[in-house]
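Protein chains in written order, with my numbering: chain A, 164 to 601; chain B, 96 to 318. Just so it is clear, CB atoms sit at the ideal spot from N, CA and C, and this is done for glycine as well. Everything on this sheet refers to the single structure shown next.
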């Protein structure tokens, strides 16, 4: 153990274990989290090559291998609680994202919430057994948060009782969804629904995109990886061009909105239903801000405790750089922010769980405020965390620039939170709308 | 803001807009007499974050109204006020964060932990004021001398936190495998592991990289 860091720990004025319990939400939570983490740490199947030393293709392959192993082992251990699944994956994936993330984060939850009973009986077993590996294709090359601007069309043909899915322009090609490029064989595609000559806005359709045995793209499907990015090297973010692809009427998710065999359209009971999912995802992202910050300031503060440099008093030994006021002024506000956002993340999660029961019971009264708050806090915390991670990286000098520090990875894996699930400026303006209305 | 202005009673976290409206009706305007602020009193500081938020919401709403008076459409008025609107949301969210942080302290029973997390909360709150000082000064919520006090207080808080810095990041309980960082290793043995890591770089698989034979050596023979 480095003597400097040992000395630091001896100076502490509080019991670290107690604070860990508070951050976990109780001693039992800490115990269980560590049990789950040790399952991964002691599992030889999760031995891996350092991703920094691998090519893009090798990184993707290693991520798919780990995803496949996680699925089997989580079942084998009977881990069902969402928090515990999250702990398991988090330590297995380290600072990187999993290739099949959207299967779990979007595809399965959408099936659970938007299939009618017949569809649920067909699709959920297929998805849960990974015969069907799916993604969620909403964003387009030329269109993002403004959903009404999406161009992909689903036109109903009553003669054959099929929908024809089409990408009418280059800008309408689906773009970004994780797992779309090489991994998935189905996608839930968000498209403008046309029936009997009328457009009824965005609806969700299950579209087969690859053969379930050969994994070859199906006729009319042009699919692939969008190429190297700032980070997310483990994930095949993809593109999807639909060339008049026909799918049966039953592939439109019909728990709420419906299209009858003759093409008659039935409206959903409430347009607020999709807000619930958005609030959920944005609440999770607030927690991500806290976790990324915690990592970044753990690295930079521990390193600042062991790094010695230049002098405060002439002739005296080089001090720890953490003794410089400027270093403290860089890092301690970030540390405080990490704690602040950890508590906000806990609050958002508890609030969402508290009112999601009301939402299911049809009481939407608190949803507008929570929707506005979650949008704003998602933007506020991710913007702040994004620049704070950069402060941590720079505070480690040149070594912060080396991939060995993990700070570049933490930064490039975190920064997309400022643009995905709603670009931050748009999020802030959504909150402003509520504020001005209030 | 509109509902509050129309005298409607608001519920939830935005109810502070009612208070702002109520205060506006009082004789002394907000900017005339800044509230007396104890810069060590978190509850009082949360209060001025709230006033800052309501001030910026009002600024944004007024900007929209001015645009509308210039016969702009509602949409254009909104777009021409977007900068103020984003700042208002930012201030609203900042207020929510300091409020929740302060409330969380009330749940912490252990005195030593309560003390160190209170120091963190105070640092976060005061640092937020100094990095957004223009708002607080412009809204008349703080004076320049108070700002100077706050800057001095932040320096004290840095020294107060210094002994617990490593313990506070240890409390995130991030296993080395999860962190995957040579600089952030729990044992602090950074340099030997940094050297080991570098030596495993694929570029070091051979002592002499093939590019030497392919390009550098031939280059010499040509010069």
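Rounding to the nearest angstrom, what Cα-Cα distance links residue 476 of chain A and residue 484 of chain A in this structure? Numbered from its first residue, the first chain carries residue 476 of chain A at position 313. Numbered from its first residue, the first chain carries residue 484 of chain A at position 321. Taking the straight line joining both Cα atoms gives about 13 Å.
For residue 338 of chain A, the three-state DSSP class (helix, strand or coil): The residue you call residue 338 of chain A lines up with position 175 of the first chain. Strand.
Establish whether the CB of residue 477 of chain A and some CB of chain B are separated by less than 7 Å. As a first step, residue 477 of chain A must be located in the first chain, where it is residue number 314. No, its Cβ sits nowhere closer than 7 Å to a Cβ of chain B.
Using the C-alpha atoms, what's the distance from residue 565 of chain A back to residue 267 of chain A? Your numbering for residue 267 of chain A matches position 104 in the first chain. Your numbering for residue 565 of chain A matches position 402 in the first chain. Each residue's Cα considered, the two are about 32 Å apart.
Excluding the five sequence neighbours on either side, which residues of its own chain have a C-beta within less than 8 Å of the C-beta of residue 233 of chain A, listed in chain order? By 1-based counting over the first chain, the position of residue 233 of chain A is 70. For residue 233 of chain A, where only same-chain residues beyond five positions count, the Cβ hits under 8 Å are 251, 252, 255 and 261.
Am I right that residue 179 of chain B and residue 149 of chain B are in contact with their C-beta atoms under 8 Å? What's the rounded C-beta distance? Counting from one through the second chain, the residue named residue 179 of chain B turns up at place 84. Counting from one through the second chain, the residue named residue 149 of chain B turns up at place 54. Going by Cβ atoms, the distance from residue 179 of chain B to residue 149 of chain B rounds to 13 Å, so no, they are not a contact pair.
Chain B contact for residue 446 of chain A (CB, 7 Å cutoff): Walking along the first chain from the start, residue 446 of chain A turns up at place 283. Not one chain B Cβ lies under 7 Å of residue 446 of chain A.
By a C-beta neighbour count over all protein chains shown, 10 Å radius and 16 as the cutoff for buried, is residue 212 of chain A buried or exposed? On the first chain, position 49 is the one that residue 212 of chain A refers to. Flag for residue 212 of chain A reads exposed.
Beta-carbon neighbours of residue 155 of chain B, restricted to chain E and to distances below 9 Å: Note that chain E does not occur in the displayed structure, where the protein chains are A and B.
Thinking C-beta only, is residue 274 of chain A closer than 7 Å to residue 341 of chain A? For the purposes of this step, residue 341 of chain A is identified with residue 178 of the first chain, where counting begins at 1. For the purposes of this step, residue 274 of chain A is identified with residue 111 of the first chain, where counting begins at 1. For residue 341 of chain A and residue 274 of chain A, no; Cβs fall outside 7 Å.
Who are the neighbours of residue 559 of chain A on chain B, taking C-beta pairs under 8 Å? In the first chain, counting from the first residue as 1, residue 559 of chain A sits at position 396. The contacting residues are 278.
Could you check the C-alpha separation between residue 376 of chain A and residue 282 of chain A for me, to the nearest Å? Taking the first residue of the first chain as position 1, residue 376 of chain A is located at position 213. Taking the first residue of the first chain as position 1, residue 282 of chain A is located at position 119. Each residue's alpha carbon lies about 22 Å from the other.
Return the bridge partner residues of residue 421 of chain A from the DSSP annotation. Along the first chain, read from residue 1 onward, the residue named residue 421 of chain A stands at position 258. Note: residue 421 of chain A sits in a beta bridge opposite A:429.
Taking 7 Å as the threshold (beta carbon to beta carbon), is residue 172 of chain A in contact with chain B? Looking up residue 172 of chain A in the first chain gives position 9. It does: the Cβ of residue 172 of chain A has a partner Cβ on chain B nearer than 7 Å.
Please confirm if residue 169 of chain B has its CB atom under 7 Å from at least one CB of chain A. On the second chain, position 74 is the one that residue 169 of chain B refers to. No, because no Cβ of chain A sits closer than 7 Å to the Cβ of residue 169 of chain B.
Going by Cα to Cα distance, which pick from A:298, A:468 and A:279 is closest to residue 262 of chain B? Looking up residue 262 of chain B in the second chain gives position 167. Comparing Cα-Cα distances from residue 262 of chain B to each of A:298, A:468 and A:279, the minimum goes to A:468.
Give the range of the alpha helix (DSSP H) segment to which residue 273 of chain B is assigned. Walking along the second chain from the start, residue 273 of chain B turns up at place 178. Element bounds for residue 273 of chain B: 271-274.
Under the three-state DSSP convention, the category residue 179 of chain A falls into: To locate residue 179 of chain A, count along the first chain from 1; it is residue 16. Judged by DSSP in its simplified three-state form, residue 179 of chain A adopts helix.
Quick check on DSSP: helix, strand or coil for residue 361 of chain A? Here residue 361 of chain A corresponds to residue number 198 of the first chain, with the count starting at 1. DSSP places residue 361 of chain A in strand when its eight states are reduced to three.
Determine, for residue 449 of chain A, whether the minimum Cβ-Cβ distance to residues of chain B falls below 7 Å. Along the first chain, one-based indexing puts residue 449 of chain A at 286. No, its Cβ sits nowhere closer than 7 Å to a Cβ of chain B.
Considering only residues of the same chain and omitting the five flanking positions on each side of residue 234 of chain B, which have a CB-CB separation below 6 Å? Stepping through the second chain from its first residue, residue 234 of chain B is reached at position 139. Only 147 and 150 meet the Cβ criterion.
Spatial neighbours of residue 77 of chain B within its chain, please: C-beta separation below 6 Å, excluding the five flanking residues on both sides. What is shown of chain B runs 96 to 318, which leaves residue 77 of chain B out entirely.
Quick one: what does DSSP say residue 544 of chain A is sitting in, helix, strand or coil? What you label residue 544 of chain A is simply residue 381 of the first chain in a count that begins at 1. Here residue 544 of chain A sits in helix by DSSP.
Quick one: give me the first and last residue of the beta strand (DSSP E) that residue 328 of chain A is part of. Sequence index remark: in the first chain, residue 328 of chain A carries index 165 (1-based). Residue 328 of chain A -> beta strand (DSSP E) spans 325-329.
Can you tell me the Cβ-Cβ gap for residue 403 of chain A and residue 300 of chain A, rounded? I've got them flagged as a contact below 8 Å. For this step, residue 403 of chain A is matched to residue 240 along the first chain. For this step, residue 300 of chain A is matched to residue 137 along the first chain. That belief holds up - the Cβ atoms of residue 403 of chain A and residue 300 of chain A are roughly 6 Å apart, short of 8 Å.
So which of A:291, A:258 and A:198 has the shortest CA-CA distance to residue 270 of chain A? The count along the first chain starts at 1 and reaches residue 270 of chain A at position 107. Nearest C-alpha to residue 270 of chain A: A:291.
Based on the DSSP secondary-structure assignment, which residues constitute the bridge partners of residue 404 of chain A? Mapped onto the first chain, residue 404 of chain A falls at position 241. According to DSSP, which records beta bridges pairwise, residue 404 of chain A is partnered with A:385.
Along the chain, where does the alpha helix (DSSP H) containing residue 318 of chain A start, and where does it finish? If you number the first chain from 1, residue 318 of chain A lands on position 155. Unbroken run through residue 318 of chain A is the beta strand (DSSP E), 316-320; no alpha helix (DSSP H).
Closer than 7 Å, CB to CB, is residue 236 of chain A near chain B or not? Here residue 236 of chain A refers to the residue found at position 73 of the first chain. By this cut-off, residue 236 of chain A is not an interface position.
Three-state secondary structure (DSSP) at residue 370 of chain A? Sequence index remark: in the first chain, residue 370 of chain A carries index 207 (1-based). In this structure, residue 370 of chain A counts as strand in the three-state DSSP scheme.
Could you name the residues of the segment 297-313 of chain A whose beta carbon sits closer than 8 Å to any beta carbon of chain B, in the order they occur along the chain? none
Interfacial residues, the segment 287-314 of chain B to chain A, with Cβ spacing under 7 Å: 289, 292, 295, 296 and 297
In angstroms with no decimal places, state the Cα-to-Cα distance between residue 272 of chain B and residue 257 of chain A. Residue 272 of chain B sits at position 177 when you count from the first residue of the second chain. Residue 257 of chain A sits at position 94 when you count from the first residue of the first chain. Spanning the two alpha carbons is a distance of roughly 7 Å.
What does residue 139 of chain B touch in chain A if you count any residue whose Cβ is under 9 Å from its own? Reading the second chain from its first residue, position 44 is the one you call residue 139 of chain B. Per Cβ cutoff of 9 Å: no residues; residue 139 of chain B is ~18 Å from chain A at best.
When A:412, A:170 and A:432 are compared against residue 423 of chain A, the one with the closest alpha-carbon: In the first chain, counting from the first residue as 1, residue 423 of chain A sits at position 260. When only C-alpha atoms are compared, the closest one is A:412.
Which residues does DSSP pair with residue 352 of chain A in a beta bridge? Taking the first residue of the first chain as 1, we reach residue 352 of chain A at position 189. A:300 and A:368.
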